[in-house]
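Asker: For the sequence shown, position 7 (counting from the first letter as 1) is numbered 24 according to my numbering, and the numbering increases by one without interruption.
Glycine residues also receive a C-beta, built at the ideal position from the N, C-alpha and C atoms.
Since this is a predicted model, take the numbers as computed values, not measurements.
A single structure is presented below for examination.
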Amino acid sequence: MPEAGGGAWQTVTAQLTAALRGTPAEQVRGMRLALRLAFAVLALPGLPLGLLYLLTRPAPLPLQTTLLLGGLALLLGWGTLWLARRAAANPDIPREQRGLTAAIQGASAPAAAFLMGCACLSSWPALVLLWSIAALLYGVVWRQIPNWVAAPRP
């Protein structure tokens with residue numbers, strides 16, 4: 018039984034190492050794994066916190082507040098994506114670390130919207146809007162990763 022856990026950990030470690038030193042396809046796989054792990058670390062703690070907040074029976078959110086939260090989630094997400102794209106092309110970051118750095122930073126984009134949705138579990142329209150924005154941003158980051166592998170390098 019310990020071998021199974023050790024094998025899984027070795028696989029994760031190998032894929033993350035390949036994100037730094039592998040072929041372009043291995044780099045994309047490793048960066049996407051890093052995206053999934055970073056998103057999980059950032060976003061999943063919001064679920065139990067949101068459920069705890071739900072126990073306080075918060076009032077439903079008005080439509081204007083829901084739309085404002087959605088706009089804020091988009092603004093935060095696009096700002097984070099902009100920073101991730103800059104990291105992918107930053108000459109101050111070692112060449113082999115740029116894409117991985119961008120993938121990890123990019124996980125913040127959907128995580129912010131997801132966490133905002135966790136705080137709105139009592140308001141279904143806000144929850145659906147924010148988690149839809151999180152899914153959209155996750156997809157954008159996922160599709161951007163191959164471009165970060167091929168980002169300009171001096």
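State the DSSP-derived secondary structure class of cysteine 135, mapped to helix, strand or coil.
Answerer: helix
Asker: For isoleucine 110, name the three-state secondary structure that DSSP assigns.
Answerer: coil
Asker: Would you kindly work out how many angstroms separate the C-alpha atoms of proline 75 and isoleucine 162, rounded to a whole number?
Answerer: 39 Å
Asker: Excluding the 5 residues flanking alanine 35 on each side, which residues of the same chain have their C-beta closer than 6 Å to its C-beta?
Answerer: Around alanine 35: Glu43, Gly47.
Asker: Measuring alpha carbon to alpha carbon, tell me which of Ala128, Leu68, Arg160, Val145 ends up nearest leucine 92.
Answerer: Among Ala128, Leu68, Arg160, Val145, the Cα nearest to that of leucine 92 is on Ala128.
Asker: Provide the residue span of the alpha helix (DSSP H) that contains proline 142, from first to last.
Answerer: 141–166
Asker: Can you tell me whether DSSP reads threonine 97 as helix, strand or coil?
Answerer: Taken through DSSP and simplified to helix, strand or coil, threonine 97 comes out as helix.
Asker: Between leucine 98 and leucine 147, which are expected to be in contact by the criterion C-beta below 8 Å, what is the C-beta distance as a whole number of angstroms?
Answerer: Not really, about 17 Å apart at Cβ, beyond 8 Å.
Asker: Three-state secondary structure (DSSP) at arginine 74?
Answerer: Arginine 74 falls in the coil class under three-state DSSP.
Asker: Under 8 Å, do leucine 71 and serine 139 count as touching if we go by C-beta distance?
Answerer: Result yes, Cβ atoms of leucine 71 and serine 139 sit closer than 8 Å.
Asker: Considering only the alpha carbon of each residue, which of Leu80, Arg49, Trp26, Val166 lies closest to glutamine 114?
Answerer: Val166
Asker: Would you call the CB atoms of alanine 90 and alanine 130 closer than 8 Å?
Answerer: Cβ distance < 8 Å, so alanine 90 and alanine 130 count as in contact.
Asker: Where does proline 79 sit, in a helix, a strand or coil, going by DSSP?
Answerer: Shown here, proline 79 sits in coil according to DSSP, grouped into three states, outside any helix or strand.
Asker: State the DSSP-derived secondary structure class of threonine 28, mapped to helix, strand or coil.
Answerer: helix
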